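Each remark here refers to the structure printed beneath this line.
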């Protein structure tokens with residue numbers, strides 16, 4: 001059985017949906033951050049697959065950018081989470097609701 | 001030098017002077033008291049344009065010169081340029097404005113000496129000259145209107161020059177607001193002219209205007225006339241001018257006697273072909289002019305403030321000019337305007353010199369410990385000034401005689417020309433004799449009030465407190481020189497318009513210069529001169545007799561009885577005198593008919609409307625917003641995931657639309 005483009009796309013769609021659901025429904029901020037990473041990597045997978053399929057290396061180059069940005073995002077995100085945790089002693093997003101009406 | 005450079009010089013120098021005096025005074029307080037510098041700049045910025053105008057005047061060959069500098073606005077059919085026109089009419093006006101204006105600037109150097117607002121005064125005065133030149137030189141109604149509003153503004157600033165006194169600010173407001181009524185009508189006339197003719201350039205207006213549909217033309221000329229009554233202080237909009245005497249006296253001489261108040265006349269003369277074509281409105285103009293003349297003259301007899309007398313006299317003389325306009329004698333109106341600028345300018349400056357002297361008396365009184373109430377402008381505290389102020393006295397007398405119409409002085413020729421033309425016009429209209437009769441009576445009253453004013457001020461014994469010890473001094477040369485120049489002009493100024501009895505009118509220079517039958521810009525009634533020469537001699541003699549008799553009678557009355565004669569008059573004329581003294585209750589009538597109902601309806605009608613409807617609408621908007629937000633605020637849960645959910649739902653919707661839409 002040959003692994004075609006569709007397989008890659010379906011896998012990345014699956015990963016992306018898992019990421020979205022994680023962001024929407026998990027309460028732990030760290031897990032939400034991981035879910036965001038998952039979504040980013042799903043997109044990366046799509047990019048690589050399509051770049052291979054179309055013979056255009058531009059997609060692969062873009063992936064490096066995404067990885068770099070994701071690293072930065074993770075660093076900043078974790079720093080914010082630590083700051084919040086120090087202040088409120090919780091990482092539960094439903095309790096971080098200062099902007100409530 | 002070509003004409004367009006000269007026009008630029010004429011227009012921009014006064015503006016430069018205004019900016020210099022204003023900005024230097026504003027930003028360099030150290031220079032404020034340098035009266036020599038500011039006075040020199042302010043005066044020369046008017047004298048140099050005068051010389052330029054003189055050069056243009058001497059080299060003028062009879063064809064109007066139109067110079068356009070810059071297209072101000074162009075929108076659709078409307079195109080307005082900063083275009084200026086040099087022709088006979090604007091040359092005469094410009095000569096008067098810059099000539100008399102220059103003299104009055106020089107006079108102000110002496111009069112305003114020591115005033116902390118010296119720089120401000122000259123800035124305003126130069127601004128006024130700039131605006132007035134725009135008014136008389138503009139080649140379309142919009143530039144004219146720009147000048148028209150500009151002189152209104154400078155008039156406002158100068159009436160309220162001593163603004164710390166609330167009375168002066170109130171007078172300034174009154175002048176500005178009353179003028180606004182006239183200006184509004186002027187604007188309406190401009191809109192109508194543009195709608196009908198599609199242009200506001202004089203060339204187009206003067207050629208196509210007279211053939212307009214009669215109804216529209218009547219309306220336009222009527223609105224223009226109302227505009228002119230505002231600026232030129234005629235019934236019904238004249239009450240601001242006496243109050244405008246709150247300003248410094250040079251201002252009264254320049255703006256409220258010689259130049260600005262004549263701009264209404266200038267407007268009508270400039271558009272004379274249109275005015276001539278609206279016969280019905282001509283009758284209205286003549287009658288309003290005549291009534292204003294006699295009304296103001298009767299008030300002038302009863303006033304005790306030396307400047308108020310002259311103010312009402314100005315209104316009365318402007319009435320004469322409107323009378324002349326109404327019988328179609330536009331060039332005669334301009335003639336009287338010129339001579340009036342000379343003798344009334346001289347009279348006002350003379351009164352300023354007197355007030356200057358009386359202020360001196362006031363200061364001496366205060367330093368000698370007498371701190372009673374003292375009004376430096378009240379003729380009841382003057383008297384006998386001829387010993388102390390000889391130059392002022394002689395020039396005041398000459399100008400007063402000229403105003404009274406004593407033969408061979410300037411006022412005699414111009415006033416009699418007006419009366420003659422009114423009499424002559426009676427053969428073609430049915431109001432000529434009426435306005436002529438009123439004019440004759442007014443001439444007598446004029447002689448009386450002018451003589452009264454002179455005698456009470458200069459003859460008899462001094463009436464101020466401690467008159468034995470305290471003596472006023474003659475004013476400095478900067479003030480007496482303009483007096484003498486204007487005094488001499490009051491004598492010879494009339495010879496530019498000798499009546500028809502001399503050389504069949506060939507010596508009537510100003511008529512030949514301005515009249516359209518001689519190639520000038522001012523229209524005239526067709527088919528005139530049907531009055532016998534002998535009749536004109538009789539009318540001339542009648543005018544002369546009335547003036548001489550009026551002066552002689554008043555002289556005897558007032559030099560014999562002095563102030564007491566006013567009481568005799570009051571007793572003899574009873575309520576008539578009191579009505580005149582109270583200025584015909586016009587101010588009170590305005591108060592009752594316009595101001596009170598307006599305030600009343602504002603309090604009773606518009607007040608609740610404002611409270612409940614206008615404020616209600618605003619409150620309703622706020623109320624609805626608050627109500628909605630009461631419900632909608634629950635969307636803001638403060639939980640990030642709710643917002644993320646909204647984004648995801650949005651993305652899904654967009655995707656669905658893109659894939660299946």
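Chains as they are written, first to last, in the working numbering: chain P, 1 to 101; chain Z, 1 to 661. Backbone N, C-alpha and C define an ideal beta-carbon position, used for all residues, glycine too. Here the structure is a predicted model, which is why all the values come from computation and not from measurement.
| Anticipated Cβ contact below 8 Å, residue 293 of chain Z with residue 346 of chain Z, distance rounded | As a first step, residue 293 of chain Z must be located in the second chain, where it is residue number 293. As a first step, residue 346 of chain Z must be located in the second chain, where it is residue number 346. Going by Cβ atoms, the distance from residue 293 of chain Z to residue 346 of chain Z rounds to 20 Å, so no, they are not a contact pair.
| query | Can you tell me whether residue 237 of chain Z is buried or exposed, with buried defined as 16 or more other CB within 10 angstroms of its CB? | reply | Taking the first residue of the second chain as position 1, residue 237 of chain Z is located at position 237. Label assigned to residue 237 of chain Z: buried.
| said: Please report whether the beta-carbon of residue 17 of chain P lies at a distance below 8 Å from any beta-carbon of chain C. | reply: Reference to chain C is not applicable here, since the protein chains of this structure are P and Z.
| query | So is residue 70 of chain Z buried or exposed if we call it buried at 16+ other beta carbons inside 10 Å? | reply | In the second chain, counting from the first residue as 1, residue 70 of chain Z sits at position 70. It is exposed - the Cβ of residue 70 of chain Z has fewer than 16 other Cβ atoms within 10 Å.
| Rounded separation between residue 602 of chain Z and residue 581 of chain Z - CA only | Walking along the second chain from the start, residue 602 of chain Z turns up at place 602. Walking along the second chain from the start, residue 581 of chain Z turns up at place 581. Rounded to the nearest angstrom, the two C-alpha atoms are 32 Å apart.
| message | For residue 73 of chain Z, count the other beta carbons within 10 Å of its own beta carbon; 16 or more makes it buried, fewer makes it exposed. Which is it? | response | As a first step, residue 73 of chain Z must be located in the second chain, where it is residue number 73. That one is exposed.
| Which chain Z residues are close to residue 24 of chain P, counting only those with a beta carbon under 9 Å from its beta carbon? | Mapped onto the first chain, residue 24 of chain P falls at position 24. Neighbours of residue 24 of chain P on chain Z, chain order: 641, 644, 645 and 648.
| field | Alpha-carbon spacing of residue 620 of chain Z relative to residue 321 of chain Z, whole angstroms | value | For the purposes of this step, residue 620 of chain Z is taken as the residue at position 620 of the second chain. For the purposes of this step, residue 321 of chain Z is taken as the residue at position 321 of the second chain. Straight-line Cα distance between these residues: approximately 58 Å.
| said: According to DSSP, simplified to helix, strand and coil, what is residue 71 of chain Z? | reply: Counting from one through the second chain, the residue named residue 71 of chain Z turns up at place 71. Annotated three-state conformation of residue 71 of chain Z is strand, per DSSP.
| message | So, does the region 28 to 47 of chain Z touch the region 136 to 147 of chain Z, judging by three or more C-beta pairs under 8 Å? | response | no
| query | Among residues of its own chain, excluding the 5 on either side of residue 205 of chain Z, which ones have a beta-carbon nearer than 8 Å to its beta-carbon? | reply | The residue labelled residue 205 of chain Z in the question sits at position 205 within the second chain. Cβ within range, chain order: 141, 193, 197, 199, 271 and 274.
| query | Does DSSP classify residue 83 of chain Z as helix, strand or coil? | reply | Numbered from its first residue, the second chain carries residue 83 of chain Z at position 83. It is a strand residue.
| said: So residue 703 of chain Z contacts chain P; which residues on that side make the cut at Cβ distance below 9 Å? | reply: Residue numbering for chain Z in the displayed model covers 1 to 661; residue 703 of chain Z lies beyond these limits and cannot be assessed.
| request: For residue 634 of chain Z, go through chain P and note every residue whose CB falls closer than 8 Å to its CB, in chain order. | output: Taking the first residue of the second chain as position 1, residue 634 of chain Z is located at position 634. The answer, in chain order, is 101.
| request: Taking C-beta pairs closer than 8 Å, name the residues in chain Z that residue 98 of chain P reaches, listed in chain order. | output: Position 98 of the first chain holds residue 98 of chain P. Here the neighbours are 638.
| Just reading off the alpha helix (DSSP H) that residue 95 of chain Z is part of, what are its end residues? | In the second chain, the residue the question calls residue 95 of chain Z occupies position 95. Per DSSP, residue 95 of chain Z belongs to the alpha helix (DSSP H) from 88 to 111.
| CB-CB under 8 Å to residue 412 of chain Z, same chain, minus the five flanking residues each way: which ones, in chain order? | Walking along the second chain from the start, residue 412 of chain Z turns up at place 412. 402, 405, 406, 494, 543, 544 and 547.
| Beta-carbon contacts of residue 5 of chain P that lie in its chain and below 7 Å, excluding the five residues immediately before and after | As a first step, residue 5 of chain P is located in the first chain; it is residue number 5 there, counting from the start. Within the same chain, residue 5 of chain P has close Cβ partners 49 and 53.
| query | If you draw a straight line from the C-alpha of residue 20 of chain Z to the C-alpha of residue 35 of chain Z, how long is it? | reply | The sequence position of residue 20 of chain Z within the second chain is 20, counting from 1. The sequence position of residue 35 of chain Z within the second chain is 35, counting from 1. So the two alpha carbons sit approximately 13 Å from each other.
| field | 8 Å contact criterion, which residue 332 of chain Z and residue 418 of chain Z should meet: CB distance rounded | value | Residue 332 of chain Z sits at position 332 when you count from the first residue of the second chain. Residue 418 of chain Z sits at position 418 when you count from the first residue of the second chain. Their Cβ separation, rounded to whole angstroms, is 5 Å, which keeps residue 332 of chain Z and residue 418 of chain Z in contact under 8 Å.
| Selection of the region 25 to 48 of chain P by Cβ proximity to chain Z, strictly under 7 Å | none
| Quick one: what does DSSP say residue 139 of chain Z is sitting in, helix, strand or coil? | For the purposes of this step, residue 139 of chain Z is identified with residue 139 of the second chain, where counting begins at 1. Reduced to three states, the DSSP call for residue 139 of chain Z is coil.
| query | Do residue 156 of chain Z and residue 248 of chain Z have their CB atoms nearer than 8 Å? | reply | Here the question's residue 156 of chain Z lines up with position 156 in the second chain. Here the question's residue 248 of chain Z lines up with position 248 in the second chain. No, the Cβ-Cβ distance between residue 156 of chain Z and residue 248 of chain Z is not below 8 Å.
| task | Mind checking who residue 65 of chain Z pairs with in its DSSP beta bridge? | result | Translated into positions along the second chain, residue 65 of chain Z becomes position 65. Beta bridge pairing from DSSP links residue 65 of chain Z with Z/86.
| said: Just checking: is the beta-carbon of residue 94 of chain P within a distance shorter than 8 Å of some beta-carbon in chain Z? | reply: Here residue 94 of chain P is taken as the residue at index 94 of the first chain, counted from 1. At least one chain Z Cβ lies under 8 Å of residue 94 of chain P.
| message | Which of the three DSSP states is assigned to residue 153 of chain Z in this structure? | response | As a first step, residue 153 of chain Z is located in the second chain; it is residue number 153 there, counting from the start. Reduced to three states, the DSSP call for residue 153 of chain Z is helix.
| If the cut is a Cβ gap below 7 Å, which residues of chain Z does residue 20 of chain P touch? | Translated into positions along the first chain, residue 20 of chain P becomes position 20. Within chain Z, the residues near residue 20 of chain P are 648.
| Does the beta-carbon distance from residue 97 of chain Z to residue 259 of chain Z come in below 8 Å? | As a first step, residue 97 of chain Z is located in the second chain; it is residue number 97 there, counting from the start. As a first step, residue 259 of chain Z is located in the second chain; it is residue number 259 there, counting from the start. Annotated as proximal: residue 97 of chain Z and residue 259 of chain Z, with beta-carbon spacing under 8 Å.
| said: Given a cut-off of 8 Å on the beta-carbon distance, is the pair residue 513 of chain Z and residue 286 of chain Z in contact? | reply: On the second chain, position 513 is the one that residue 513 of chain Z refers to. On the second chain, position 286 is the one that residue 286 of chain Z refers to. Contact: no.
| query | How big is the Cα-Cα spacing for residue 255 of chain Z and residue 261 of chain Z? | reply | For the purposes of this step, residue 255 of chain Z is identified with residue 255 of the second chain, where counting begins at 1. For the purposes of this step, residue 261 of chain Z is identified with residue 261 of the second chain, where counting begins at 1. Taking the straight line joining both Cα atoms gives about 7 Å.
| request: Would you check if the distance between the CB atom of residue 521 of chain Z and the CB atom of residue 64 of chain Z is smaller than 8 Å? | output: Your numbering for residue 521 of chain Z matches position 521 in the second chain. Your numbering for residue 64 of chain Z matches position 64 in the second chain. With respect to residue 64 of chain Z, residue 521 of chain Z sits close: the two C-beta atoms are nearer than 8 Å.
| query | Excluding the five sequence neighbours on either side, which residues of its own chain have a C-beta within less than 8 Å of the C-beta of residue 501 of chain Z, listed in chain order? | reply | The count along the second chain starts at 1 and reaches residue 501 of chain Z at position 501. 533, 536, 537 and 540.
| query | Do you know offhand how far residue 305 of chain Z's Cα is from residue 144 of chain Z's? | reply | Locating residue 305 of chain Z in the second chain gives position 305, where the first residue counts as 1. Locating residue 144 of chain Z in the second chain gives position 144, where the first residue counts as 1. So the alpha carbons of these two residues sit roughly 34 Å apart.
| said: Whole angstroms are fine: how far does the CA of residue 48 of chain Z sit from the CA of residue 122 of chain Z? | reply: Here residue 122 of chain Z refers to the residue found at position 122 of the second chain. Here residue 48 of chain Z refers to the residue found at position 48 of the second chain. Between residue 122 of chain Z and residue 48 of chain Z, the C-alpha separation is close to 16 Å.
| field | Beta-ladder partner(s) of residue 515 of chain Z, from DSSP | value | Counting from 1 along the second chain, the entry for residue 515 of chain Z is found at position 515. Looking at the DSSP assignment, residue 515 of chain Z forms a beta bridge with Z/522.
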